[in-house]
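Participant: Structure provided below as structure tokens; questions to follow.
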Amino acid sequence: MNLPNRLTMARILLIPFFLLIASLKYHYADYLAVFVFVLGAATDGLDGYFARRNNQVTLLGKFMDPLADKILVSTALIILVEMGRLSGWIAVVIISREFAVTGLRAVAAAEGEILSASRLGKIKTVTQIVAIVAMFVGDHLNGLFHLPIAGITMAFAVIFTVWSGFDYFNNTWKIFKKSGY
56 MNLPNRLTMA RILLIPFFLL IASLKYHYAD YLAVFVFVLG AATDGLDGYF ARRNNQVTLL
116 GKFMDPLADK ILVSTALIIL VEMGRLSGWI AVVIISREFA VTGLRAVAAA EGEILSASRL
176 GKIKTVTQIV AIVAMFVGDH LNGLFHLPIA GITMAFAVIF TVWSGFDYFN NTWKIFKKSG
236 Y
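In structure tokens form, the structure reads like this:
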């Protein structure tokens, strides 16, 4: 197994630890959970970088990398809802978009088309990661800046999530239209 795929698998293996740490009820658990989450999120950028740089893009990586991202983000959102820090509808919107785009990618792949991550999709990922971190440590950020930082960053994450979802649907519609759907 090459380095990029090992990084992706490491991200998947970090998810249960993130879940366990985030569910602990002690003062610094949030910070430790954020550390594990950010570590997992960092492997997302690194696996793609090494795969492209070393010409090690594989079918396994193309499948597992986005899946690992979706599991990590979905886990974090569900934890935040459980903690009472995030409205359930926000988690549903974000997770639903992720499933919908995954479905579109699967159908496009069956047609021989690859839907690569768009620039807007990458911005969406960054805003989601920043928003999730802010939601975990939001109370401390609010005290520093006297602004609802967690809520503002999550609003941006939802906007980019929906926007990039529409963008994927629009691009896929063009592919399907050419294929006679």
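Per our numbering: the sequence shown = residues 56 to 236. Just so you know, even glycine gets a beta-carbon here, dropped at the ideal spot from N, CA and C.
1. If you measure between the beta carbons of P59 and A123, is that distance less than 7 Å?
2. Can you give me the start and stop residues for the alpha helix (DSSP H) that S129 sits inside?
3. Assess, as a yes-or-no matter, whether the stretch 121-135 is touched by the stretch 74-94 under the definition of 3 or more beta carbon pairs within less than 8 Å.
4. Residue range of the alpha helix (DSSP H) that N57 falls in?
5. L101 lies in the alpha helix (DSSP H); which residues open and close that run?
6. Taking contact to mean at least 3 C-beta pairs separated by less than 8 Å, is the stretch 181-196 in contact with the stretch 208-227?
7. Return the Cβ separation of A155 and G220 in integer angstroms, given the expectation that the two are a contact with Cβ distance under 8 Å.
Facilitator: In this structure, then:
1. By 1-based counting over the sequence shown, the position of residue 59 is 4. By 1-based counting over the sequence shown, the position of residue 123 is 68. In this structure, A123 does not lie closer than 7 Å to P59 by Cβ.
2. For this step, residue 129 is matched to residue 74 along the sequence shown. 114-137 is the extent of the alpha helix (DSSP H) around S129.
3. Taking 8 Å as the limit for Cβ pairs, the verdict is that the stretch 121-135 does touch the stretch 74-94.
4. If you number the sequence shown from 1, residue 57 lands on position 2. Segment: none, N57 is in no alpha helix (DSSP H) and carries neither H nor E.
5. Looking up residue 101 in the sequence shown gives position 46. Where L101 is concerned, the enclosing alpha helix (DSSP H) stretches over 84-108.
6. yes
7. As a position in the sequence shown, residue 155 is number 100, starting the count at 1. As a position in the sequence shown, residue 220 is number 165, starting the count at 1. A155 to G220, Cβ: 6 Å. Contact.
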